[in-house]
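Here is the structure we will look at, set down as C-alpha cells.
2 protein chains.
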Amino acid sequence: MTTIKALTGSLEDYLEAIYHLLHQENKARVKDVADHLQVKKSSVTVALRALAKQKLINYAPYGEVTLTLLGEKTAEDVVRRHETLKEFFITVLDVDAKQAEDTACKMEHVLSKEMTDKFIQFMEFIDICPRTGQDWVEKFHNYCGEKHASGDCKGCLNEVKEKIRLLPSVKTKEETLCALSSLKPGEKAEVVKIQHKGTFRKRILEMGVTTGAVLMVERMAPLGDPVDIKIRGYHLSLRKEETKNILVKILR
Amino acid sequence: MTTIKALTGSLEDYLEAIYHLLHQENKARVKDVADHLQVKKSSVTVALRALAKQKLINYAPYGEVTLTLLGEKTAEDVVRRHETLKEFFITVLDVDAKQAEDTACKMEHVLSKEMTDKFIQFMEFIDICPRTGQDWVEKFHNYCGEKHASGDCKGCLNEVKEKIRLLPSVKTKEETLCALSSLKPGEKAEVVKIQHKGTFRKRILEMGVTTGAVLMVERMAPLGDPVDIKIRGYHLSLRKEETKNILVKILR
DNA sequence: CTCTTTTGTTAGATATATCTAACTTTAAGC
DNA sequence: GCTTAAAGTTAGATATATCTAACAAAAGAG
Ligand SMILES: [Mn+2]
Ligand SMILES: [Mn+2]
Ligand SMILES: [Mn+2]
Ligand SMILES: [Mn+2]
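Residue numbers (the working numbering), protein chains in the order written: chain U, 1 to 252; chain H, 1001 to 1252.
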C-alpha cells in the first residue's frame, strides 16, 4: 500500500530546508534545520521520520541526512514554486524582500505546476514584449509610490514611440544576437537559435532550452565553465562548450 | 484577557461562507455552511463556537447565525483578498475559473493588506497605462497558448503606434469624460473629477472614490438607483444622485 | 397534534504539527 | 581517554481541524 500521499505544506518546508542546507553547507543537521525553520529540534526529528517513511530522505536516528533522488526532485519542485512567487512579488509587485520571502513560502504549497508556469510565462512576457519590459515595470512602481500625474502617461508614450523607432532591427537581427557564452551574470536573454545536433540538441531541448525561452545567467565560473543559468524557473548548469552554440538576444 | 488572536485560515473560510450565505440566501444554516465548505455539520458547530467566542458571529445552540459588526468587517476583508487573487489569476494569468477559485481561497489567508493593495494597483495599472490595457493582456494569453512568432511583436507594435496616434486626446479631454451615472454594468473607468462639496465629498473620498482610482460598475438598479461599484477591491453602493457628479474616463 | 424527516449537537476518535522536559548519543576540549 | 558540552531522541502534552456515531431539537406532513 503505502499510498504516496501528497506532502503536507509543513513537510515541504522541511524538505526545502534540507535541500538548501545540503547545497549550501553540504550537511543538514537536525539543529540546522530547526534553526532554519524556527522550530524545536524534537519537531525536526518527527519530520525527518515522516520524510524518510515517504522515501524522500535517507535517515536513521543519529545518522546523517541526505536526499534521495525522489527527494531531490521534489525539493527542486518546491524551490521552483517558492522562487517563482518570490520573484513575482519582488520584481513585479515591488514588495519588500522579507515579506516576499515569507508570503511565497506560505503560498508555495498550494500553487499548481500549471499556475507556476503561468507566473513564469507572465514575467517572461513582460520582459519580451516591446511594449513593456523593465521600464514599464518601473513605471508601475512609481505609480504605486506617488500620485499618478497625467503627464506621466504622455512622457511614457514618447518613450514607447522612441522604443518602436529603434526597434525595427527585426531585419538587422544579427547585430543583437550573440552566443550565450558571452553573457555576463545577471543578464537576461531570449533563446533564438540552438546550433547543436543530435543527442546533444535533444538533451538541451529537454532541459527547457528552446527557441523563445527566456534565460538568465546566474553564475559563471572564472573560466566560463560551467555556466549556471535559470530558465523557466529551473536552474541549469551548462558546459562552456554547450553555451557557445546557443544564440540569444539580450533583453534590455 | 481573551487575546484577540488572528483567525486561522480555516475559521476565515467559515466566516467567508457565512458572509456569502447571509448575503445571498439571507440565512446561514449549519447545513448550508457544511455543504458550502464540504465538511460535516459537526465540524461547523465547532467552528461556530470558535467564531462566537471571538465575537465575530452571534450564535447560540440551535439559534440562527448572524455576523457581528466586527465579523462583517472581517469577512469583507477576507472576501477582498479572495476576489483580488481570483481576479488576478483569471483576468491576467488566464487560469481557469475553478482552479483560480480554489487557489485563491487557499492563498487568501496569508496575503497581507499591503500585498492585496499591490495586486489591485497592478491590475489597475495594466488598465490605465496606454502601453498595456486589455489588448496587451490578450497578447500574453496568446503567447501562452501558442508559439510566439516574431511577427506578433511587429504587429503588436503597430497597434501601439496606432493607439498613440489616437491618444493625444489629452487636450480634447472633455470628449472622453462622462458622469459615472452614464456607465453600463461591466464597464471600467478612471475617476477624473469629483464634483461634490463638504461632508458628501469627504465621505465619498473616504470610501476610496478618489481621483485616479479605477472603478467598475457591477450592478445598476432599473432606475439607476442604487449603483453598485467595485473600487480598490471594495464593493460600494452609491445613490444615483451621488454618481451624477462623479466624472470618469471610460477605459478601453 | 402526532409522527417522521431534517437539522443540529455532543462525545469521542484520528491526524497533523508543534511544544517542553527528560534522557541518550556524539563531539570537543584538554 | 575522561569529562563536559552540544546535538539528537523520546515521551507526553497541547492545539487545531477534521471525522463518525449517537443523540436531541426543530420543522414539516397529514
Ligand atoms: Mn513554505
Ligand atoms: Mn519555501
Ligand atoms: Mn480560503
Ligand atoms: Mn475564500
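Ideal placement from N, C-alpha and C gives every residue a C-beta, glycine not left out. Computed from a prediction, not measured in an experiment: that's the story for all the values here.
Sorted by chain position, which residues of the same chain lie with C-beta nearer than 6 Å to residue i's C-beta, five sequence neighbours on each side aside?
| i | result |
| --- | --- |
| alanine 28 of chain U | Ile18, Leu21, Leu22 and Val65 |
| asparagine 245 of chain U | Gln195 and His196 |
| threonine 1243 of chain H | Leu1180, Ser1181 and Val1227 |
| histidine 141 of chain U | Asp94 |
| histidine 1230 of chain H | The sequence given here has lysine at residue 1230 of chain H, not histidine. Here the set comprises Met1216 and Glu1218. |
| isoleucine 1057 of chain H | Leu1051, Val1065, Leu1067 and Gly1071 |
Candidates the options: which alpha carbon is nearest residue i's?
| i | options | result |
| --- | --- | --- |
| valine 1095 of chain H | U:Glu101, U:Glu87, U:Leu111 and U:Gln99 | U:Leu111 |
| alanine 6 of chain U | U:Lys53, U:Ile204, U:His141 and U:Asp35 | U:Lys53 |
| arginine 1203 of chain H | H:Leu1236, H:Ala1149 and H:Thr1176 | H:Leu1236 |
| glutamate 101 of chain U | U:His82, U:Thr116 and U:Ser10 | U:His82 |
| lysine 1106 of chain H | U:Met207, U:Val214, U:Gly224 and U:Gly9 | U:Gly9 |
| aspartate 77 of chain U | U:Val39, U:Val92, U:Thr116 and U:Val46 | U:Thr116 |
| aspartate 135 of chain U | U:Thr84, U:Glu159, U:Lys31 and U:Leu48 | U:Glu159 |
| leucine 251 of chain U | U:Lys73, U:Val214, U:Glu87 and U:Gly224 | U:Val214 |
| alanine 1179 of chain H | H:Ala1075, H:Asp1013, H:Glu1241 and H:Asn1142 | H:Glu1241 |
| glutamate 138 of chain U | U:Val92, U:Met123, U:Glu16 and U:Leu37 | U:Val92 |
| glutamate 12 of chain U | U:Gly63, U:Ala60, U:Ala75 and U:Lys55 | U:Ala75 |
| glutamate 1190 of chain H | H:Glu1114, H:Val1209, H:Leu1205 and H:Gly1071 | H:Val1209 |
| aspartate 127 of chain U | H:Glu1206, H:Cys1153 and H:Ile1128 | H:Cys1153 |
| leucine 1166 of chain H | U:Leu166, U:Arg165 and U:Leu157 | U:Leu157 |
| arginine 1145 of chain H | U:Phe125, U:Ile90 and U:Lys230 | Looking at the sequence shown, residue 1145 of chain H is not arginine but glycine. Nearest C-alpha to glycine 1145 of chain H: U:Phe125. |
| leucine 37 of chain U | U:Ile57, U:Asn26, U:Tyr14 and U:Glu108 | U:Tyr14 |
| lysine 84 of chain U | U:Glu108, U:Val30 and U:Leu183 | It should be noted that the sequence gives threonine, not lysine, for residue 84 of chain U. It is U:Glu108. |
| lysine 1188 of chain H | H:Arg1232, H:Thr1199, H:His1148 and H:Lys1147 | H:Arg1232 |
| tyrosine 1234 of chain H | H:Lys1073, H:Gly1155 and H:Gly1133 | H:Lys1073 |
In the DSSP assignment, find the unbroken beta strand (DSSP E) run with residue i in it and report its ends.
| i | result |
| --- | --- |
| histidine 1235 of chain H | 1234 to 1238 |
| alanine 1097 of chain H | Where alanine 1097 of chain H is concerned, there is no enclosing beta strand (DSSP E), although the alpha helix (DSSP H) it sits in stretches over 1097 to 1107. |
For the alpha helix (DSSP H) that residue i lies in, which residues bound it at each end?
| i | result |
| --- | --- |
| isoleucine 90 of chain U | Segment: none, isoleucine 90 of chain U is in no alpha helix (DSSP H) and carries neither H nor E. |
| cysteine 144 of chain U | 134 to 145 |
| lysine 1113 of chain H | 1113 to 1128 |
| tyrosine 1019 of chain H | 1009 to 1024 |
| valine 33 of chain U | 30 to 37 |
| threonine 199 of chain U | 198 to 206 |
In this structure, what does DSSP give as the bridge partners for residue i?
| i | result |
| --- | --- |
| aspartate 228 of chain U | U:Arg219 and U:Ser237 |
| leucine 247 of chain U | U:Ala179 and U:Lys193 |
| isoleucine 57 of chain U | U:Leu67 |
| lysine 1188 of chain H | H:Met1216 |
Going by beta carbon distance, what residues of the same chain come within less than 7 Å of residue i, once the five residues before and after it are set aside?
| i | result |
| --- | --- |
| valine 1192 of chain H | Leu1177, Thr1211, Leu1247, Val1248 and Lys1249 |
| proline 185 of chain U | Val217, Glu218, Arg219 and Met220 |
| lysine 1163 of chain H | Pro1130 |
| arginine 1239 of chain H | Asp1225 and Pro1226 |
| valine 1079 of chain H | Glu1016 and Tyr1019 |
| lysine 1055 of chain H | Thr1068 and Leu1070 |
| lysine 1086 of chain H | Ala1100, Glu1101 and Ala1104 |
| threonine 207 of chain U | Per the sequence shown, the amino acid found at residue 207 of chain U is methionine instead of threonine. Once the five neighbours on either side are set aside, the close Cβ partners of methionine 207 of chain U are Leu236. |
| threonine 1090 of chain H | Here residue 1090 of chain H is isoleucine; the residue named in the question, threonine, does not match the sequence. Here the set comprises Ala1097 and Ala1100. |
Who are the near neighbours of residue i in its chain, counting only those whose CB is closer than 8 Å to its CB and skipping five residues on each side?
| i | result |
| --- | --- |
| alanine 1034 of chain H | Lys1040, Lys1041, Ser1043 and Val1044 |
| arginine 1049 of chain H | Tyr1059 |
| phenylalanine 1088 of chain H | Phe1119, Phe1122 and Met1123 |
| leucine 223 of chain U | Lys240 |
| tyrosine 1143 of chain H | Asp1152 |
| arginine 201 of chain U | Ile194 |
| glutamate 25 of chain U | Asp32 |
| lysine 1171 of chain H | In this predicted model, lysine 1171 of chain H has a pLDDT of only 48, less than 50, meaning its place in the structure is not dependable; the value taken from the coordinates is given anyway. For lysine 1171 of chain H, where only same-chain residues beyond five positions count, there are no Cβ hits under 8 Å. |
Item to check | Around ligand 3, Cβ to any heavy atom closer than 7 Å, ordered along the chain | outcome: H:Gly1009, H:Glu1012, H:Asp1013, H:Glu1016, H:His1082, H:Cys1105, H:Lys1106, H:Glu1108 and H:His1109
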